[in-house]
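One structure is given below, encoded as structure tokens.
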Amino acid sequence: MTKTLTFAILHFSVAFTITYLLTGSIVIGGAVALIEPSVNTVVFYFHEKVWKRLEKNSNNTITA
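Pasting the structure below:
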């Protein structure tokens, strides 16, 4: 769990820093640092569902 938390902090920090450097806005940097990981989490969920379906179909093709 510690590794996950430190990675999350690192991810937020990178998102904030890059956005702040590009825009000069603390507000936009903070918003992107919060929104981007949230969107990535939702996208990852659907990516996993599609990936598992593809793996299942691939296994069915191999055994058939």
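Residue 58 in UniProt numbering sits at position 58 of the sequence shown, with consecutive numbering throughout. Glycine included, every Cβ here is placed at the ideal spot set by N, Cα and C. The structure presented is a predicted model; accordingly, all values stated were derived computationally and were not measured.
- Taking 8 Å as the cut-off, the Cβ atoms of Ala33 and Phe7 do not count as close.
- For Ile26, the CB contacts under 7 Å within the same chain, skipping 5 residues up- and downstream, are Tyr20 in chain order.
- Note that the C-beta distance between Thr23 and Gly30 is not below 8 Å.
- Per DSSP, the continuous alpha helix (DSSP H) segment holding Ser13 begins and ends at Thr2 to Thr23.
- A distance below 8 Å between beta-carbons, with the five flanking residues on each side excluded, links Pro37 to the following residues of its chain, in chain order: Ala8, His11, Phe12 and Ala15.
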